[in-house]
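Chains as they are written, first to last, in my numbering: chain U, 3 to 342; chain P, 3 to 342; chain B, 3 to 342.
The beta-carbon is built from N, C-alpha and C at its ideal position, and this holds for glycine as well.
The structure displayed is predicted, hence computed values, not measured ones.
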Amino acid sequence: MKDDRKKEKANVEQSTKRELSPRKNTKKPNGHWFQQNLPRIADRLMTAYVSHGDLQHLEGKDLPSKQRISGILNDILTILFPNLLGDASLTETNVWYYLGSTMHSLYTRLEEEITKSLKYICTKEQECPVDICQERAQRVAEEILECLPEIKRLVSADVQAAYEGDPAAKSVDEVILSYPCTYAIVTYRVAHELYSRQVPLIPRMMSEHAHSQTGIDIHPGARIGENFFIDHGTGVVIGETSDIGNNVRIYQGVTLGGKSLSPEEISRLRGRKRHPIIQDNVIIYSGATILGGDTIIGKGSVIGGNVWITSSIPSNTTVTIATPKLSAQKSTKNKKERHD
Amino acid sequence: MKDDRKKEKANVEQSTKRELSPRKNTKKPNGHWFQQNLPRIADRLMTAYVSHGDLQHLEGKDLPSKQRISGILNDILTILFPNLLGDASLTETNVWYYLGSTMHSLYTRLEEEITKSLKYICTKEQECPVDICQERAQRVAEEILECLPEIKRLVSADVQAAYEGDPAAKSVDEVILSYPCTYAIVTYRVAHELYSRQVPLIPRMMSEHAHSQTGIDIHPGARIGENFFIDHGTGVVIGETSDIGNNVRIYQGVTLGGKSLSPEEISRLRGRKRHPIIQDNVIIYSGATILGGDTIIGKGSVIGGNVWITSSIPSNTTVTIATPKLSAQKSTKNKKERHD
Amino acid sequence: MKDDRKKEKANVEQSTKRELSPRKNTKKPNGHWFQQNLPRIADRLMTAYVSHGDLQHLEGKDLPSKQRISGILNDILTILFPNLLGDASLTETNVWYYLGSTMHSLYTRLEEEITKSLKYICTKEQECPVDICQERAQRVAEEILECLPEIKRLVSADVQAAYEGDPAAKSVDEVILSYPCTYAIVTYRVAHELYSRQVPLIPRMMSEHAHSQTGIDIHPGARIGENFFIDHGTGVVIGETSDIGNNVRIYQGVTLGGKSLSPEEISRLRGRKRHPIIQDNVIIYSGATILGGDTIIGKGSVIGGNVWITSSIPSNTTVTIATPKLSAQKSTKNKKERHD
């Protein structure tokens, strides 16, 4: 390796010597500076990699690819809502074949990415007699395909709940095409199936992709019932061990979070119940925050906007902030204020 | 169709038989499993499509394409701010021709997408003697092009308002290049023109595209006056029937929303006034929520951060939350808390 | 130019005459309308450009490109975390060469974009004897490459702080691959170096790109210490002159902002201290707002969720909103409410 490096350095030297003429209007990078400094900077980065363990997974291991994960989600979305494709050549007669070929391709890509994620965290030094990671990935990919009809049933009900819950919705198609909750909830329902099967990395890559697209951050570990609707959604956070019943509706900026933990508690509680239970038919308005693993919002209750809750609420109860005293005073005219 | 399916199944059978050798290290999908299960899963999905009406628009109908809608918005953005193109070959001499060719291409694509959206919701069974959808789409595309100079005037004033309203803004160019409000407000002003002409689906597809890019969710139905500035913007929600005057400035996390409605009220109020009126020269600070179709914020008033308002405020009034009693207590040292 | 236009108009006339046959089912744009109206609309847009100064930078000047800025950030990200590439062909042996070639390409692109940004704002009428803008761009690009090992040290510590601070994090790799704070903080640390060297436009283009991807809006001017963690992050705003110490953790929806300013104050305070100081070991929970250039949050203090602060807090103090009086009342059954 040392020899290789020397050779490359020599090459760089040669190829950059021509550039050492006066620099005005040259479009070429500064060869002299490169020659003197690049190897040193690379060496310092290498040292940093070693001390932070960045290289331990490098040797011959692939990571799941963000781009392919996003492609997988888009394929699942069109399997669930084929009219989303907006493809005039797709008809009632050939959609069955479209499904077959898309699921075939989906399977292949799912299996590949899951295999990568399993091998990536695998600590076995020796080669296995059978490729256990790939075998397990195939089982999981099969099970995800088996889940698709049930996921279809669930997300169609979610879309219907959105249409019925939002007076601004003009049609079910509008909800499918242009509501962020469609993408966020489809992603959640798929990522949750992978999470439940202990697939590493991919469920969170999926949920973060949806978060980036929609502003809605649903941890794949959460449990969410039927007919779930999130309106607008920017800033919504649903923590890993949240448990949400049927017919629940929430608005932008709602947090279902964990309470504060000391460092000791954090390592103890990794994977334990830390987030609230929301029972059936609850509505939570914008900006409300509900915290804690033993907080239960009872059936049919309504949590008002901006409410901050850290203990349980009985069923059929409406909780609102006691109207905060507003201080209203006449402004001096012509004095416009700004901040940043 | 049944015969076709049998044939395909036979093909699949044939092509997958080779793969039934022991699976170790194979990169091919599991043929046996496919053969046994894929047709069954596809059948279940078909049944779900039928019961949810997913196939009713499939037959020979295109949907507007998200990708083309985003391309249309980007073209409009460069027509409005040609320096955004950052193209050295564009000069004062040839920008006129650039405009002509871009508007020509814009027209074609607008007309196509609008035609699709009109045909998509069209319930006519028989073919029309004249293609009414396309004729209407052409009229609308023409009118949008006619609007461009006025939209240019409005968004240039919005950009100027941003520069004047934000002490962190270094130049008008910086606002055009890197403020999310530029993209969000240009999109709103275009989507609003389409919404006003009863174009289905596309206005909300546009506003949701901008929402995804910026975190700012402005319904295309809202009415917004001149010199409008949204700073930062993440989490802003402006509802369908909001009515905003001139010289209004709002900050991140502000909601102009509707009050709670019963299911009966929802179907009654679809399309009716449900969101507040914000008069001229109002400033609304971050996190404030203003709800209701009969709530009016009077001229020149200032709504403080986190304020929650469900009734009207007179003009020239500053409303702030009465400083909430803060409970401050000395922490035990070395006890760092975390939550999620 | 006038002659050219006439010629083009003639061409358009000719090429569109064929389209003036009856319009049914034609897929071609409406030639007659074009001929009559497009030149007029283009003229009106040209007039608007002139009155808004849009053309003043057009003549032979490039703007930094959003796409290239995003490419530069992605390259830096993989230099900092090479395992993110997920490329099985990258090994401990060849990663050094990968670094060399990536930094070489990074340098070239950085230098080009910085040169553009400097020339764009340059008001010199005459050509310089030496290309000062490019020389300065080369110096800055060199300095950014020199910074990379230190940035690597900082962001690896930030990632470690995220892993230790979030009980939902399964591994450091999960944080690197799927936590929005990774992208937001890497972008901030790079953009801050460019901002500190007075590079125009690019730092804010970078920070807005990260804002668009993550919902986290960190102004490149802010100063942020070591081991910084933002959880979830949607809606976080950190203003230009904020000053954040070491081991600080903040949650979604937190604003570090400026107080209201009159227009006179705005022009006076551009670039002055307007945002708070957050000392070491502070935690700020979701939705809290801290405003003002003379507001100091003392060492080790904890700011509770939704707290609104405009004056200093001593060290080791926990500030929470005095539990707001919640008004809880039994709901009428069967009355489900919705809003939008």
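Q331(B) is bridged by DSSP to T320(U). Only residues of its own chain outside the window of five on either side were considered, and among them E113 have a CB closer than 8 Å to the CB of Q140(P), listed in chain order. Per DSSP, L92(B) is not a residue of any beta strand (DSSP E), being assigned neither H nor E. At a cut-off of 3 residues, the continuous stretches assigned as beta strand (DSSP E) that sit fully inside the segment 264–316 of chain U are 291–293. The DSSP-derived three-state label of G227(U) is coil. For the segment 266–279 of chain P, the beta-carbon criterion of a distance under 7 Å to any beta-carbon of chain U is satisfied by I268, L271, R272 and R276.
Per DSSP, the beta-bridge partners of V239(U) are D219(U) and T257(U). Per DSSP, the unbroken alpha helix (DSSP H) holding G33(P) starts and ends at G33 to H54.
Under the 9 Å criterion on CB atoms, F230(B) is classed as non-interfacial with respect to chain P. Straight-line spacing of the CA atoms in N283(P) and I315(P) works out to 14 Å.
Taking each of A170(P), G260(P) and P151(P) in turn and checking the Cα distance to N39(B), the smallest one comes out for P151(P).
Assigned with DSSP and collapsed to three states, D245(U) falls in strand. Of the other Cβ atoms in all chains shown, fewer than 16 fall within 10 Å of the Cβ of V52(P); this residue is therefore exposed.
Out of H277(U), N248(U) and L92(U), the CA that lies nearest to the CA of H221(U) is found in H277(U). Under the three-state reduction of DSSP output, D160(B) falls in the helix class. When the beta-carbon positions are compared, K118(U) and L65(U) come within less than 9 Å of each other.
Annotation note: the segment 141–201 of chain B contains the following uninterrupted alpha helix (DSSP H) runs of length 4 or greater, listed N- to C-terminal: 174–180 and 182–198.
Taking a C-beta distance under 9 Å as the contact criterion, F83(P) and A163(P) do not qualify as a contact pair.
Between P182(B) and chain P, the shortest Cβ-Cβ separation is not below 9 Å.
When secondary structure is reduced to three states using DSSP, D342(P) falls in the coil class, being assigned neither helix nor strand. Collapsing the DSSP output to three states places D77(U) in a helix.
Taking G33(U) as reference, the option from N85(B), D296(B), G255(B) and M105(B) with the minimal CA-CA separation is M105(B). Take I153(P), set aside five residues on each side of it, and the residues of its chain with a beta-carbon closer than 6 Å to its own are R191, in chain order. Within the model, the alpha-carbon separation for T93(P) versus Y100(P) is close to 10 Å. Interface residue (Cβ-Cβ distance to chain B less than 9 Å): G241(P) is classified as such. Contact between V188(U) and V239(U) does not hold, since the beta-carbon distance rounds to 18 Å and is not under 8 Å. The distance from the Cβ of G255(B) to that of S303(B) is about 19 Å, inconsistent with a contact at the 8 Å cut-off. For H194(U), none of the residues of chain P pass the 9 Å Cβ criterion, the least Cβ distance being about 17 Å.
Counting every other CB atom within 10 Å of its CB across the protein chains shown gives Q69(B) a total below 16, marking it as exposed. According to DSSP, I71(B) shares a beta bridge with no other residue. When Cβ-Cβ separations below 9 Å define contact, A50(P) makes contact with chain U. Sorting T125(P), S198(P), T291(P) and T49(P) by C-alpha distance to the C-alpha of T322(P) places T291(P) at the top. Under the Cβ distance rule, I323(P) counts among the residues neighbouring chain U, one pair being separated by less than 9 Å.
Between the C-alpha atoms of E145(B) and I78(B) there is a straight-line separation of about 14 Å.
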